[in-house]
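Here the structure comes first, spelled out in structure tokens, and everything after it is commentary.
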């Protein structure tokens with residue numbers, strides 16, 4: 075038994091690929107996290123106390139991206155700002171620093187992440203799967219439904235209202251970064267200091283006083299969507315009073 079434990083690599087999961095729980099198909103997580111037992115994100119822009127817990131939730135999560143390891147030149151975190159495509163395989167053992175400035179100026183703490191203006195910013199994060207690399211679409215293969223949001227070297231993200239009424243009520247959406255999740259942040263291999271890439275979606279003019287059913291999906295050739303398995307997508311409701 076002792077010999078067995080000595081041969082294990084604790085940084086590598088024992089079950090990988092189709093044998094793993096996630097089956098090599100990522101899901102999406104969101105912040106702020108709604109109250110336990112509900113997927114409703116609700117706020118009243120006239121009552122800051124109604125959304126302060128959302129502000130605290132976002133701030134607490136983003137602090138994880140501002141710690142000393144992310145800022146310092148530790149040798150395990152590399153600056154990938156100049157990288158425009160897939161990284162070299164020999165660099166996979168190091169994590170790319172995710173610069174929060176990529177999330178733009180409209181979804182920042184100083185503006186209450188848009189909540190105080192009734193233009194909430196919802197943070198999206200791809201769930202980590204060990205050694206998974208997105209197989210990206212090309213200009214010739216990208217589906218028509220996401221072509222407007224698609225860009226080369228990115229996992230496309232697209233949010234929309236689920237029903238006709240939701241589509242009417244959701245209003246215009248803005249994404250930060252505008253093109254989605256860059257491929258240079260993959261694969262995840264338990265690298266020291268690794269942080270998942272993030273995207274903010276800003277609901278610019280949601281209709282007030284109605285619950286809006288929202289689905290956000292990520293797109294690549296090796297991502298499938300299944301609402302029951304929460305595969306490749308996330309569902310939540312938004313209510314701005």
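Numbering (my numbering), first residue to last: 75 to 315.
In this text, a Cβ means the ideal position worked out from N, Cα and C, and glycines have one as well.
Residue i versus the options, residue with shortest Cα-Cα distance
i           : options               : result
residue 306 : 161, 256 and 289      : 289
residue 225 : 251, 246 and 276      : 251
residue 291 : 282, 124, 244 and 235 : 235
residue 313 : 244, 166 and 267      : 244
residue 104 : 136, 159 and 217      : 136
residue 279 : 195, 163 and 182      : 195
residue 277 : 269, 286, 260 and 184 : 286
residue 193 : 249, 207, 102 and 232 : 249
Own chain residues within Cβ distance below 7 angstroms of residue i, not counting five before or after
i           : result
residue 298 : 99, 305 and 306
Opposing strand residues paired with residue i [DSSP bridges]
i           : result
residue 286 : 312
residue 300 : 305
residue 115 : 312
residue 234 : 289
6 angstroms CB neighbourhood of residue i in its chain, flanking five on each side removed
i           : result
residue 161 : 258
residue 315 : 118
residue 308 : 102, 104 and 290
residue 153 : 171
residue 253 : 225 and 228
Cutoff 8 angstroms; reference residue i; Cβ partners in own chain excluding five residues on either side
i           : result
residue 96  : In this prediction, residue 96 has a pLDDT of 48, which is less than 50 and means its spatial position is unreliable; what the coordinates show is noted afterwards. Result list for residue 96: 201 and 203, in chain order.
residue 111 : none
residue 215 : 295
Beta-carbon proximity check, residue i vs residue j, cutoff 8 angstroms
i           : j           : result
residue 209 : residue 302 : no
residue 197 : residue 272 : yes
residue 129 : residue 186 : yes
residue 228 : residue 256 : yes
residue 265 : residue 150 : yes
residue 174 : residue 274 : no
residue 167 : residue 263 : yes
The ligand ZN heavy atom lying under 7 angstroms from the CB of residue i
i           : result
residue 296 : No copy of the ligand ZN appears in this structure; indeed no ligand is present at all.
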